[in-house]
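Chemist: Mind looking over this structure? Questions follow.
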Amino acid sequence: MANENEKGIPLSYIVEYAKAQPTQAKRQAFVNLIRFWADNGGDLAEAIKAILEIQGGQVISANSMPKEFMPYYRSETIAVKLIDIIQKIDEKIASKEDNWDWAHVMRVMIDEGIILTNTTPNKFDQLICAMVPGKGRDNVRKNGDYSILDHKDPWPLWTKESHLNPQEAQDRTICNMIAQEFQPVLRRKIIMDY
Numbered sequence: 001m002a003n004e005n006e007k008g009i010p011l012s013y014i015v016e017y018a019k020a021q022p023t024q025a026k027r028q029a030f031v032n033l034i035r036f037w038a039d040n041g042g043d044l045a046e047a048i049k050a051i052l053e054i055q056g057g058q059v060i061s062a063n064s065m066p067k068e069f070m071p072y073y074r075s076e077t078i079a080v081k082l083i084d085i086i087q088k089i090d091e092k093i094a095s096k097e098d099n100w101d102w103a104h105v106m107r108v109m110i111d112e113g114i115i116l117t118n119t120t121p122n123k124f125d126q127l128i129c130a131m132v133p134g135k136g137r138d139n140v141r142k143n144g145d146y147s148i149l150d151h152k153d154p155w156p157l158w159t160k161e162s163h164l165n166p167q168e169a170q171d172r173t174i175c176n177m178i179a180q181e182f183q184p185v186l187r188r189k190i191i192m193d194y
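Sequential numbering from 1 applies to the sequence shown in our numbering.
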């Protein structure tokens, strides 16, 4: 770590250098560096702004979140965190490491009161694509089985007993893991229950 007398490289230099890289893959290292900086005491709002500039921007702004989000999640400080969480979830879904999909994410966002219950998969697709720079249209809507939204009970009430209902138990575990990602912006504590 640098001491207080040393000057660091200005964030704007890193952004300009990253933008000069020929591919998104080469720019990703700089995105990771800026995320690391933000996670270790850097300014999260500045980090997100820099990452968005490197990645090509986004439609949703933290100071003008769409009406599909509950009022609490439209405040700028919470919205900045929420956009960052969505981008991290997108990376996890893309890695396919935990069998997550956007249908489960939507279910968690509805049950945790992040978005309105009448948000359709098509509108959800638009919201997520607007928060994740470079995300193509229809990628979200086509990722997952949205019949999970038809379940009458919220995900925390689903069985965790796989011998009673294996699919419901699996869906509950996935939703629990996704809800844990949203913990920094939620008003209730998510207990790891799997």
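Heads up, the beta-carbon is just placed ideally off N, CA and C, and yes, glycines get one too.
1) Opposite Phe69 in the DSSP bridges: which residues?
2) Going by CA-CA distance only, name the one from Glu46, Ile174, Phe69 and Asp84 that's closest to Asp98.
3) On a Cα-Cα basis, can you pick out the residue from Gly136, Pro121, Ala169 and Asp125 that is closest to Thr147?
4) Examine the Cβ distances between the segment 78–88 and the segment 37–49 and report whether three or more of them are shorter than 8 Å.
5) Report the option in Lys26, Lys7 and Ala130 whose CA atom is closest to the CA atom of Ser64.
6) Given a cut-off of 7 Å on the beta-carbon distance, is the pair Asp205 and Asn143 in contact?
7) My guess is that Trp155 and Val108 are in contact by the Cβ rule of under 8 Å, so how many angstroms apart are they, rounded?
8) Using beta-carbon positions only, say whether Phe36 and Ala18 come within less than 7 Å of one another.
9) Which residues in the same chain as Ile86 place their Cβ atom closer than 7 Å to its Cβ, once the five residues preceding and following it in sequence are excluded?
10) Counting C-beta neighbours from all protein chains within 10 Å, is the total for Tyr13 16 or more, i.e. buried, or is it exposed?
11) Indicate the three-state DSSP secondary structure (helix, strand or coil) for Arg27 in the structure shown.
Modeler: Straight from the coordinates:
1) On the sequence shown, position 69 is the one that residue 69 refers to. Paired residues: Ile115.
2) The residue labelled residue 98 in the question sits at position 98 within the sequence shown. Ranking the options by Cα distance to Asp98, first place goes to Ile174.
3) In the sequence shown, residue 147 corresponds to position 147, counting from 1. According to the sequence shown, residue 147 is Ser rather than Thr. Of the listed residues, the one whose Cα sits closest to Ser147 is Pro121.
4) yes
5) Along the sequence shown, one-based indexing puts residue 64 at 64. Considering only alpha carbons, the answer is Ala130.
6) Absent from the structure is residue 205, since the part of the chain shown begins at 1 and ends at 194.
7) The residue given as residue 155 occupies position 155 in the sequence shown. The residue given as residue 108 occupies position 108 in the sequence shown. Correct: roughly 6 Å between the Cβ atoms.
8) Along the sequence shown, read from residue 1 onward, the residue named residue 36 stands at position 36. Along the sequence shown, read from residue 1 onward, the residue named residue 18 stands at position 18. It is not a contact, given that the beta carbons lie outside the stated cut-off.
9) Walking along the sequence shown from the start, residue 86 turns up at place 86. Excluding positions up to five away in sequence, the list reads Ile128, Met131 and Val132.
10) Working through the sequence shown from its first residue, we reach residue 13 at position 13. So Tyr13 counts as exposed.
11) Taking the sequence shown and counting its residues from 1, the one referred to as residue 27 is at position 27. Of the three classes helix, strand and coil, the one that applies to Arg27 here is helix, per DSSP.
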